[in-house]
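Quick notes on the structure that follows.
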Amino acid sequence: MAKHHVLVVDDEEDIRTLLEHHLTRDGYRVTCVATGEDATRQARLTLPDLLLLDLMLPTMDGLEVCRALKGDPKTRPIPVIMLTAK
1 MAKHHVLVVD
11 DEEDIRTLLE
21 HHLTRDGYRV
31 TCVATGEDAT
41 RQARLTLPDL
51 LLLDLMLPTM
61 DGLEVCRALK
71 GDPKTRPIPV
81 IMLTAK
């Protein structure tokens, strides 16, 4: 059975590392990126099963990423969980 793929998007390396560690330990396949631009590119390329998305990203914030992905029929079905300190 194929492992579920989670795309983690956070500009803080410590948070990416922590999430990747726990998700991998629990059997998920994880890809991590640090920018909104990389997130949209990676999501369109790999179509992950879930997107863990930081709200406060530099240049292209999490809301912009979410809008871009939800506006694309190919990536619209990807569930998104927003991570934020707000």
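Per the working numbering: the sequence shown = residues 1 to 86. Glycine residues also receive a C-beta, built at the ideal position from the N, C-alpha and C atoms. Because the structure is a prediction, the values reported are computed rather than measured.
- Using a 10 angstroms sphere on the CB of LEU19, the tally of other CB atoms reaches 16 or more, which defines it as buried.
- Residue range 13 to 25 is occupied by the alpha helix (DSSP H) that includes HIS21.
- Scanning its chain for C-beta atoms nearer than 7 Å, with the 5 sequence neighbours on each side dropped, one finds no residue around PRO73.
- Residues of the same chain with a CB within less than 7 Å of the CB of VAL30, apart from the 5 flanking positions on each side, are VAL6, VAL8, GLU20, LEU23 and THR24 in chain order.
- Nearest neighbour of THR46 by Cα position, chosen from GLU64, GLU13, THR84 and ILE78, turns out to be ILE78.
- If you draw a straight line from the Cα of LYS70 to the Cα of GLU64, it comes to about 10 Å.
- A Cβ-Cβ contact shorter than 8 Å links LEU51 with ALA43.
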